[in-house]
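Numbers 1 to 141, taken from the UniProt record's numbering, label the letters of the sequence shown in order. Step one of this worksheet: look at the structure below.
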Amino acid sequence: RVMACVVRVLRSCHERGIIYRDIKPQNFLYVDDTPDAPLKCSDFGLAMSFIPGQPGGTSLDKRAGTPVYMAPELVLRRYDERADLWSAGVLMYQLLAGGRLPLWNGEIPLTANLDDIFFPILIKEIDFAPIARVNAEAADL
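Set out below in structure tokens:
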């Protein structure tokens with residue numbers, strides 16, 4: 001249900017020429033505390049416009065977002081709306097893994113150099129630890 005909402009938000013944004021650039025749990029809020037409460041997206045402060053369907057996409061050159069959810073392309077300062085899909089994937093992994101993030105072990109120091117953090121991803125030197133317990137429905141995703 002959460003990921004269906006995230007995908008709808010991204011599809012709607014991208015169809016309207018908006019890159020969200022800050023997909024993370026804190027930006028999705030339940031309207032109330034009932035079991036079927038609608039989920040709403042908040043905080044469009046980092047969103048930016050682009051031209052949908054432009055050949056080659058729209059390349060942006062400013063880093064924006066929360067580092068643990070940012071796509072590696074942001075380090076290169078050449079990205080487009082697909083960076084939102086990376087962030088959504090990180091969020092989905094986190095939901096399936098009980099809060100654990102796929103690429104981070106603990107907190108990232110405020111003084112961390114993002115180039116150094118993302119370099120292993122950009123050169124494909126990453127090793128995902130398997131998720132210990134995922135229910136059958138989620139495993140099929």
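In this text, a Cβ means the ideal position worked out from N, Cα and C, and glycines have one as well.
Cβ-based neighbour list, residue i, same chain, cut-off 6 Å, excluding 5 preceding and 5 following
i      : result
LEU101 : VAL68 and GLN94
PHE44  : none
Three-state secondary structure (DSSP) of residue i
i     : result
SER42 : coil
ILE19 : strand
MET70 : coil
ASP32 : coil
SER12 : helix
PRO55 : Here the model assigns PRO55 a pLDDT of 49, short of 50, so the residue's position is not dependable and the matter cannot be decided.
Own chain partners of residue i with C-beta closer than 8 Å, once the 5 adjacent residues on each side are dropped
i     : result
ALA88 : MET3, VAL6, VAL7, LEU10 and ILE23
Beta-carbon proximity list for residue i, same chain, < 7 Å, skipping 5 on both sides
i     : result
THR66 : ASP22 and LYS24
SER42 : ASN27 and LEU29
PRO55 : Any reading at PRO55 is ruled out, since the residue's pLDDT is 49, under 50, leaving its predicted position unreliable.
MET92 : MET3
The alpha helix (DSSP H) enclosing residue i, as first and last residue numbers
i     : result
ALA83 : 82-96
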